[in-house]
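Participant: Here it is: the structure, laid out below.
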Amino acid sequence: MFNIRTFRIGITGNLFTRLGISAVPFLLPLLLQVVFEYSPSQAGWLLAPIAVGAIGIKPWVSKIIQRFTYRKVLVANTFLIGVLIIVLAQFNDAANWIWFIPILTVMGACNSMQFSAMNTITIGDLEGTQTSSGNSLMAVNQQLAISFGIAFGAALLNLLRERFELDTLVAFQTTYWILGIITILSGLYFLRLKPQDGRGLY
């Protein structure tokens, strides 16, 4: 299956792109509780806009990909997700929580589009028994990416906080910056796709 170019690009891009994306739902509630002293329920509810954005964009995903191609959508969308992660690093006051809502709603929409596009381009060119094997491998890859993302974000935060002795807020902000930059750079991998890749999938 790895001889199929779109599958290879989709699997690898999926892994690296999810490092930053997967760390945010773990780090954001932690930031709100540890630094801004939100209750667990308050911190949890502030993640709800991500789900709202993810659901809201679904009817438009196929139309957007048809209009701009998988290549353009994945490169641009990954860049936007990276920028949004960096934007989260700018929050330094608990009173600014209201601004989390539109930012996280857009992030949820971008995440949903990213996952839909990556998943369909990954298995789009598989045929016969390859489709079942490809789906299984993709599911395992997604779980690994989520685990790696959470572990990487937590390890990075701990390193900045303990080894470099940064203030807790500064450590969180620096972690978001690093995760955002990694996410932006991971999007460059999708430049390996050709403009015609994925035509006919939607």
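Throughout the sequence shown, residue numbering follows the working numbering, covering 426 to 627 in sequence.
All residues carry an ideal CB built from backbone N, CA and C; glycine is no exception.
For GLY549, is the classification buried or exposed, using 16 other Cβ atoms within 10 angstroms of its Cβ as the cut-off for buried?
Facilitator: On the sequence shown, residue 549 is found 124 positions in, with the first residue counted as 1. It counts as buried.
Participant: Assign PRO474 to buried or exposed, taking buried as 16 or more other Cβ atoms, counted over all protein chains shown, within 10 Å of its Cβ.
Facilitator: For the purposes of this step, residue 474 is taken as the residue at position 49 of the sequence shown. The residue is buried, with at least 16 neighbouring Cβ atoms inside 10 Å.
Participant: Which class does ARG624 belong to by DSSP, given the choice of helix, strand or coil?
Facilitator: Mapped onto the sequence shown, residue 624 falls at position 199. Coil, per DSSP.
Participant: What number of angstroms, rounded off, separates the C-alpha of GLY625 from the C-alpha of GLY553?
Facilitator: Within the sequence shown, numbered from 1, the residue matching residue 625 stands at position 200. Within the sequence shown, numbered from 1, the residue matching residue 553 stands at position 128. Each residue's alpha carbon lies about 17 Å from the other.
Participant: Return the residue from the list ALA580, ILE429, LEU618, SER611 that minimises the CA-CA distance to ILE446.
Facilitator: In the sequence shown, counting from the first residue as 1, residue 446 sits at position 21. The option with the nearest alpha carbon to ILE446 is SER611.
Participant: Where do the ends of the alpha helix (DSSP H) carrying TYR463 lie?
Facilitator: Working through the sequence shown from its first residue, we reach residue 463 at position 38. No alpha helix (DSSP H) holds TYR463; DSSP gives it neither H nor E.
Participant: Identify, in the order they occur along the chain, each residue of the same chain with its Cβ nearer than 7 Å to the Cβ of PHE573, setting aside the five sequence neighbours on each side.
Facilitator: Mapped onto the sequence shown, residue 573 falls at position 148. The residues are LEU444.
Participant: Determine the direct distance from the alpha carbon of VAL449 to that of LEU509, and round the result to whole angstroms.
Facilitator: Taking the first residue of the sequence shown as position 1, residue 509 is located at position 84. Taking the first residue of the sequence shown as position 1, residue 449 is located at position 24. One C-alpha to the other measures close to 10 Å.
Participant: Three-state secondary structure (DSSP) at LYS488?
Facilitator: Locating residue 488 in the sequence shown gives position 63, where the first residue counts as 1. Helix at LYS488.
Participant: When you compare only the Cα positions, how much space is there between ALA534 and ASN502?
Facilitator: Here residue 534 refers to the residue found at position 109 of the sequence shown. Here residue 502 refers to the residue found at position 77 of the sequence shown. Distance between the alpha carbons of ALA534 and ASN502 is about 10 Å.
Participant: Mind checking PHE589: buried by the 16 CB within 10 Å criterion, or exposed?
Facilitator: The residue given as residue 589 occupies position 164 in the sequence shown. PHE589 is exposed by the Cβ-count criterion.
Participant: Between which two residues does the alpha helix (DSSP H) holding ALA579 run?
Facilitator: Position 154 of the sequence shown, counted from the start, is the residue given in the question as residue 579. Unbroken alpha helix (DSSP H) run through ALA579: 554-583.
Participant: Looking only at C-alpha atoms, which of LEU440, GLY478, SER537 sits nearest to THR608?
Facilitator: Residue 608 sits at position 183 when you count from the first residue of the sequence shown. Selected option, being the one with the closest Cα: LEU440.
Participant: Check this for me: beta carbons of ILE395 and ASN566, under 7 Å apart or not?
Facilitator: Limits of the chain in this structure are 426 at one end and 627 at the other, which puts residue 395 out of reach.
Participant: Would you mind reading off the limits of the alpha helix (DSSP H) that contains GLY549?
Facilitator: What you label residue 549 is simply residue 124 of the sequence shown in a count that begins at 1. No alpha helix (DSSP H) holds GLY549; DSSP gives it neither H nor E.
Participant: Figure out for me which residue from TYR463, LEU452, LEU455, PRO484 has the closest Cα to the Cα of SER541.
Facilitator: Against the sequence shown, residue 541 aligns to sequence position 116. If we check each option's Cα against that of SER541, PRO484 comes out closest.
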